[in-house]
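Mapping of the sequence shown onto the numbering used here: position 38 corresponds to residue 1436, and the numbering continues sequentially without gaps. Backbone N, C-alpha and C fix where the C-beta goes; we use that ideal spot for every residue, glycine too. Because the structure is a prediction, the values reported are computed rather than measured. Presented below is the structure to which this report refers.
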Amino acid sequence: MKGQDVIVFGMCAENVRSLSDISRLEAKVERLEGQLAAKDRELATLTRNEAKAKAGFKAQIGKLQQERDEFQRMVIGNQQVRTQQIHEMKKKEKEYIKLQERLNQVLMEKKKESRSGMEIMNLLQKEGRQRGTWNGKKATVDAYELKKQELMAENSDLRALLRSMQKDMREFLNSPNGLSKQSLAVDEKLTTAAPQSTLGGKTDVFDLPFHMARDQIEESLQTKMASMERAKRYRLGVSWREVFGGLYPV
């Protein structure tokens, strides 16, 4: 009997230990399941955050690409405007150089006309002394009048050209991309300081005799050429400030 009791007791003790081990294992499994659930929740949170970050990063990339495209369009537009302005400036410079050459030519013709008038007067006096014939005098006077009318017509065309060129130049310099009104004050000298006529009104400088208006016309051409050069440098500077101003705002 004692041997059987010992065996039974040993089996009971073994069962108790087994039950205790099972309880510990169940507690450990429950703890591990809790940790696993916490890790799953943490992983889900990280996944959501990663998705949000990817979406934000993608949106930022799209915005940067849009800004890059807009900047490239702005640079191309400014380059086109600058090229057009340089082309217009060169065209105006050539026109004014041609006009100045034409003015010099007119001045030479005026001198020749003066000499021709003196020669005609001398010829008239000589013809009157030598022959005194009316036909010779009339032919000489008719030739003089014809030459005078031709020169007057040519001078009228030249005055119209001067007025048109001055108007075009004033509009060009007063354009939105041109110089300021303060810097153009000197260029408006002919229009703001026109001489007084004998009737009390203002007379266009181009209607004056050339020997009286020459200095004013040449001064106007020189000041406008200088203003064109300043406008060219100013516009080039503004174009690049507009380009880089968007990148580095003050």
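Determine the burial state of residue i: buried for a count of at least 16 other Cβ atoms within 10 Å of its Cβ, exposed for fewer.
i: Met-1626; result: buried
i: Tyr-1646; result: Note that Tyr-1646 scores 41 on pLDDT, short of 50, meaning its location in the model is unreliable and no value can be drawn from it.
i: Ile-1405; result: exposed
i: Ser-1618; result: buried
i: Ile-1615; result: buried
i: Lys-1622; result: buried
i: Gln-1463; result: exposed
i: Met-1550; result: exposed
i: Gln-1482; result: exposed
i: Met-1506; result: exposed
i: Met-1472; result: exposed
i: Met-1516; result: exposed
i: Met-1567; result: buried
Let me know the secondary structure DSSP gives residue i once reduced to three states.
i: Gln-1470; result: helix
i: Glu-1511; result: helix
Which residue's Cα is closest to the Cα of residue i: the options?
i: Asp-1613; options: Lys-1461, Met-1567 and Leu-1501; result: Leu-1501
i: Arg-1513; options: Ala-1537, Tyr-1542, Asp-1438 and Glu-1486; result: Tyr-1542
i: Val-1504; options: Asp-1467, Cys-1410 and Ser-1554; result: Ser-1554
i: Glu-1569; options: Glu-1428, Glu-1486 and Lys-1509; result: Glu-1486
Contact between the stretch 1553-1571 and the stretch 1486-1503 (3+ Cβ pairs under 8 Å): yes
Three or more C-beta pairs below 8 Å linking the stretch 1493-1512 and the stretch 1553-1560: yes
Minimum length 3: unbroken beta strand (DSSP E) runs contained in the stretch 1536-1568: none
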